[in-house]
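Some notes on the structure that comes next.
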Amino acid sequence: MIEHSFVGLTFLTNRVFEVTNFVLMTGSLIRVENLDEH
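With our numbering, letter number 1 in the sequence shown gets 36, and the count goes up by one each step, no holes.
And the structure:
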C-alpha cells in the first residue's frame, strides 16, 4: 500500500511538473507576443 501511494505521488508530482512547465512556456510566449506588439 505504501509503495502504491509512493508511485501515485510520483506520478502526481510529474503531472504537476509538466503542467507547470506548460503554463510557464505558454506564459513566456504570450509575454513575448505582447512585447512584440508594443
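Just so it is clear, CB atoms sit at the ideal spot from N, CA and C, and this is done for glycine as well. In this text the structure is predicted, and so the values were computed from the model without any measurement.
**Report entry** Pairwise C-alpha distance: leucine 70 and asparagine 49
**Finding:** In the sequence shown, counting from the first residue as 1, residue 49 sits at position 14. In the sequence shown, counting from the first residue as 1, residue 70 sits at position 35. Distance between the alpha carbons of asparagine 49 and leucine 70 is about 31 Å.
Query raised in the report: Rounded to a whole number of angstroms, what is the C-alpha to C-alpha distance between glycine 43 and serine 63?
Result: The count along the sequence shown starts at 1 and reaches residue 43 at position 8. The count along the sequence shown starts at 1 and reaches residue 63 at position 28. Distance between the alpha carbons of glycine 43 and serine 63: 30 Å.
Query raised in the report: Hey, would you say the C-beta of leucine 64 is under 7 Å away from at least one heavy atom of the ligand HEM?
Result: What this structure holds is no ligand at all, so the ligand HEM is not there to describe.
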